[in-house]
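Protein chains in written order, with full-length UniProt numbering: chain Y, 1 to 425; chain U, 1 to 425. Where a beta carbon is used, it is the ideal one built from N, C-alpha and C, also for glycine. Okay, so here's the structure we're looking at.
Number of protein chains: 2
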Amino acid sequence: MSQVIEVDQLLQESRELADRAKVAARRMAIASGAAKDAWLKRSAQALIERAAEVIAANARDIAAAPGYGLTAAAIDRLTLNAKRIDEMAKGLLEVAAQADPIGEVITSSRRPNGLQVTQVRVPLGVIFMIYESRPNVTLDAAALCVKSGNAAILRGGKEAIHSNRALHRVLADELAASGLPADAVQLVPTTDRAVVGHLLRMPDKIDLAIPRGGESLIRRVVDEAKMPVLKHYQGNCHVYVDAEVDQAMAVRIVVNAKAQRPGVCNAAETLLVHRDIAATFLPRVAEALIAQGVELRGDEASRQIVPTMVAVEPSDWDTEYLEKILAIGVVDSIDAAMAHIARHSSGHTEAILTRDLVSARRFVDEVDSSAVIVNASTRFNDGGQLGLGAEIGISTDKYHARGPCGLRELTSTKWVVYGDGQIRE
Amino acid sequence: MSQVIEVDQLLQESRELADRAKVAARRMAIASGAAKDAWLKRSAQALIERAAEVIAANARDIAAAPGYGLTAAAIDRLTLNAKRIDEMAKGLLEVAAQADPIGEVITSSRRPNGLQVTQVRVPLGVIFMIYESRPNVTLDAAALCVKSGNAAILRGGKEAIHSNRALHRVLADELAASGLPADAVQLVPTTDRAVVGHLLRMPDKIDLAIPRGGESLIRRVVDEAKMPVLKHYQGNCHVYVDAEVDQAMAVRIVVNAKAQRPGVCNAAETLLVHRDIAATFLPRVAEALIAQGVELRGDEASRQIVPTMVAVEPSDWDTEYLEKILAIGVVDSIDAAMAHIARHSSGHTEAILTRDLVSARRFVDEVDSSAVIVNASTRFNDGGQLGLGAEIGISTDKYHARGPCGLRELTSTKWVVYGDGQIRE
């Protein structure tokens, strides 16, 4: 009986939280750019002034981290220090420096009957961020949501709860002083997982859910959410080296795509090489990759040329390693390469390295991924690198947003029509 | 036992149908505009040449209609004749005349490192249309999906199955001759409802579901779909008449918004009138509405002025009548009007009638609907009227598409990056 009451209370609190966000969103939609930028700048300043308070809260999370079984790498990502707080403050200022997306006229026309028709960019409304134990996401998400005129509900991992509460206090304390509604940025106060489920079942109050973290978190959110979810599950990215290619360039790009930062979603996981150059190219690229500590898993044709490769298993083609391992296959043609990609890619990022114009154009037209790259590293599929500014995530879906998502992807549109008495005949 | 086998077979057939659509979608993505337009023109021609075949098939549906309990209005919408087939053929030619949305460059930049970055419009992929017994939707949906480079799976109501099969035969027979894949437009062959459920659970094969019909159909699709759904549930549209207004114009617009075609989603359902003009405006507008056969349901303040009004019930404010009934309320201010709208609107279309610039600008900025209209009829929220050309539906969601949806709303984007050896440092 007491458990039933408790669950009902969580549901009730979740509803109230979402209702407050919805009321705040109506005010955020008409907030001035000046107010939003003032909040970003005041928060950056306050973050530096209150660094000690944030670091003290963070220390509680760090102390508890072994109890949660966090790995050393996870504890490192969780750790805040003066330098990282400084970077986070700079991040807020960078978002302040971006143009305000709200109010932009996207299309306009004057209709034959004199109606003046415009399609105007407006905020989405309420955005629910669900993420793991990376406190910097609290700052990034709040900054991008507020700048794009939305209200944010933030739910970070329980392992970072004290850090997130401290960071949220800093942000929230500057809202009213900047002329923004106090509920524009809310942190879910409890770490009870049930609240996430409740909120994900409120499509009338929450316009978008954004999970950031491992694939299991994302799948859980997609399964439960009744509103749209901005997400990608995996980045199983391919580099295809065509028959005609600058081999030195190709080696440089393959090494960069695989080894420069292997743990991220736009790192390459599979290398496909045209049969005509395999005998000369594979030994060169293998040597360079091995020098970077990359384990090579080749198909039979590859291993005939570089026998030190491990034999690739069928499951390798569908694996996002996120570490220094690369699957390698020899293909007979660009068609075979694109067929392999169509079958195994997660639709994130694919690159072709070629001198051949027909190959480049075919690859760009026919490969169905969020970014298709010619003669450059897959690592460029990133909001900052493509010129969008800070990104809230990368989408491999085709609906609404595809690829890196910045401020514009957190907006919707509204048709605005001015007339002087027009009626339909 | 036999039932289990049957269900499995339907699931298997649904998978194969979706797989064929997905293969066709890859070819459709690179189909030329010339091929797509050739198909639209050939289909228009074939439709007229094969009108007798279509009308004969339609006669079978009409004969069966009373058995399905269709109303006279529904039977009328189901009925095809030479004139309607002619209109449908013209509709295909109108879509052919629109610009091809695919390949449009939406944003572009050259990055500091020399990367040439473009964001290009591409098709969504596979679109699943679920609709009722209106055979014209078969034509509209196929035309818009093909023109936008998508593969279509069509599922009309069982009451129109013979008409839809005949129309689909006409369309499908022209695909190969136009150089398009034969599976670019598929009709679900069976009327078994289970197939819809199977297909709605295939987000890896189908990119978008579009239900067109009554609210119960749409809710069922949204409940079951694992892919995005383009939809609106209701059009509970409001007209607010401000204190300062050209009353003759306001009467004309209110009558048009309510009575010109009451059964459509952009017809007005509620009239809100500023208290300052209620005493003069309500009798005028009431007389004009009653002359059009509109039943008026007023709040207490309205009925003090026009006592012949029926008393409005609280549930009226949330009702999409879709007939000649209008709820009427008197409000103290534009704020009260906007608060009423925020509470009761379905986010479809709201209009303000005013001479006051501040009121107009506030209404446009603060009302959160797919279209916000100043001094014109709500009936203008329509793809053709706003200049989009033919529409596949109207969305009251904010994600991806909002308001009338034409060719562009059936597309996604792809980032295309050309470099000459760039790597990330």
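Rounded distance between the beta-carbons of residue j and residue i, thought under 8 Å
{"i": "S346(Y)", "j": "T270(Y)", "result": "The pair is not a contact, with the Cβ atoms about 11 Å apart (cut-off 8 Å)."}
{"i": "residue 455(Y)", "j": "R379(Y)", "result": "What the structure shows of chain Y is the stretch from 1 to 425, and residue 455(Y) is not part of that stretch, so it cannot be assessed."}
{"i": "V122(Y)", "j": "A29(Y)", "result": "6 Å"}
{"i": "K205(Y)", "j": "A18(Y)", "result": "4 Å"}
{"i": "V185(U)", "j": "A225(U)", "result": "Not a contact, Cβ separation roughly 21 Å."}
{"i": "L296(U)", "j": "L289(U)", "result": "6 Å"}
{"i": "T138(Y)", "j": "L115(Y)", "result": "Not really, about 45 Å apart at Cβ, beyond 8 Å."}
{"i": "D140(Y)", "j": "I392(Y)", "result": "7 Å"}
Within chain Y, partners of residue i - CB distance below 7 Å
{"i": "M249(U)", "result": "G421"}
{"i": "L115(U)", "result": "A376, F380"}
{"i": "A34(U)", "result": "Residues of chain Y passing the Cβ test: none, with the nearest at roughly 16 Å."}
Partners in chain Y for residue i, counting only beta-carbon separations shorter than 8 Å
{"i": "G125(U)", "result": "D368, K398"}
{"i": "L326(U)", "result": "Chain Y residues near L326(U): none, gap ~16 Å exceeds 8 Å."}
{"i": "R284(U)", "result": "Neighbours of R284(U) on chain Y: none; closest Cβ ~15 Å, over 8 Å."}
{"i": "N256(U)", "result": "I423, R424"}
Chain U residues whose Cβ lies nearer than 7 Å to that of residue i
{"i": "A268(Y)", "result": "Chain U residues near A268(Y): none, gap ~12 Å exceeds 7 Å."}
{"i": "S109(Y)", "result": "G387"}
{"i": "P136(Y)", "result": "Reading off the sequence, residue 136(Y) comes out as Asn, not Pro. The contacting residues do not exist; N136(Y) stays about 20 Å from chain U at best."}
{"i": "R252(Y)", "result": "G421, I423"}
Under 9 Å by beta carbon: chain Y residues contacting residue i
{"i": "D207(U)", "result": "D397, K398, Y399"}
Amino acids of chain U, ordered along the chain, whose beta-carbon sits closer than 9 Å to that of residue i
{"i": "Q260(Y)", "result": "I423, R424, E425"}
Listed by chain order, chain U residues near residue i by CB distance under 8 Å
{"i": "D365(Y)", "result": "A29, I30"}
{"i": "R26(Y)", "result": "A342, E366, D368"}
{"i": "A89(Y)", "result": "Ordered by position in chain U, no residue passes the 8 Å Cβ test against A89(Y), which lies about 24 Å from the chain."}
{"i": "V372(Y)", "result": "K414, W415, V416, V417"}
Residue i Cβ short of 7 Å to the ligand ZN heavy atom set
{"i": "G114(Y)", "result": "Among the ligands in the structure shown, none appear at all, so the ligand ZN cannot be discussed."}
Can at least three beta-carbon pairs, one atom from the region 220–230 of chain Y and one from the region 202–210 of chain Y, be found at a separation below 8 Å? yes
Does the pairing of the region 319–333 of chain Y with the region 283–301 of chain Y give three or more beta-carbon distances under 8 Å? yes
Where the region 376–387 of chain U meets chain Y: residues whose CB sits under 8 Å from a CB there: A376, S377, R379, F380, N381, Q385, L386, G387
Which residues, in order along the region 393–417 of chain Y, keep a beta-carbon less than 7 Å from a beta-carbon of chain U? K398, Y399, H400, R402, G403, S412, T413, K414, W415, V416, V417
Count Cβ pairs between the region 413–420 of chain U and the region 368–386 of chain Y that sit closer than 8 Å; are there 3 or more? yes
So does the region 83–94 of chain Y actually touch the region 103–113 of chain Y, counting three or more Cβ pairs closer than 8 Å? no
Would you list, in sequence order, the uninterrupted alpha helix (DSSP H) runs of no fewer than 4 residues that lie entirely inside the region 288–338 of chain U? With a minimum length of 4 residues, the continuous alpha helix (DSSP H) runs that stay inside the region 288–338 of chain U are 300–305.
Three-pair Cβ contact test at 8 Å for the region 245–255 of chain Y versus the region 212–221 of chain Y: no
Scan the region 236–284 of chain U and note each continuous alpha helix (DSSP H) run of 4 residues or more that stays entirely inside, going in chain order. 247–259
Three or more C-beta pairs below 8 Å linking the region 119–126 of chain U and the region 156–168 of chain U: no
With a floor of 3 residues, list each beta strand (DSSP E) that falls wholly inside the region 151–208 of chain Y, ordered by position along the chain. 151–155, 185–187
Stretch pair the region 162–172 of chain U + the region 190–204 of chain U: three plus CB contacts closer than 8 Å: Contact between the region 162–172 of chain U and the region 190–204 of chain U is absent, because fewer than three Cβ pairs lie under 8 Å.
Residues within the region 227–242 of chain U neighbouring chain Y, beta-carbon criterion of under 7 Å: From the region 227–242 of chain U, only P228 have a Cβ closer than 7 Å to chain Y.
What are the start and end residues of each continuous alpha helix (DSSP H) run of 4 or more residues lying completely inside the region 41–121 of chain Y, in chain order? 51–64, 72–78, 82–97
Segment contact, 8 Å Cβ cut-off, at least three pairs: the region 379–391 of chain U with the region 170–180 of chain U: no
Could you tell me whether the region 14–28 of chain U touches the region 397–409 of chain U, using the rule of 3 or more Cβ pairs below 8 Å? The region 14–28 of chain U is not in contact with the region 397–409 of chain U.
If we count Cβ pairs, one from each stretch, closer than 8 Å, do we get three or more for the region 231–249 of chain U versus the region 351–359 of chain U? yes
Taking 8 Å as the cut-off, does the region 333–345 of chain U touch the region 360–369 of chain U (at least 3 CB pairs, one atom from each stretch)? yes
May I ask you to verify whether the region 146–153 of chain Y touches the region 35–45 of chain Y, counting CB pairs closer than 8 Å and requiring at least 3? yes
What residue ranges within the region 370–415 of chain Y form continuous beta strand (DSSP E) runs of no fewer than 3 residues, ordered along the chain? If we require 3 residues or more, the beta strand (DSSP E) runs fully inside the region 370–415 of chain Y come out as 371–376, 393–395, 403–405.
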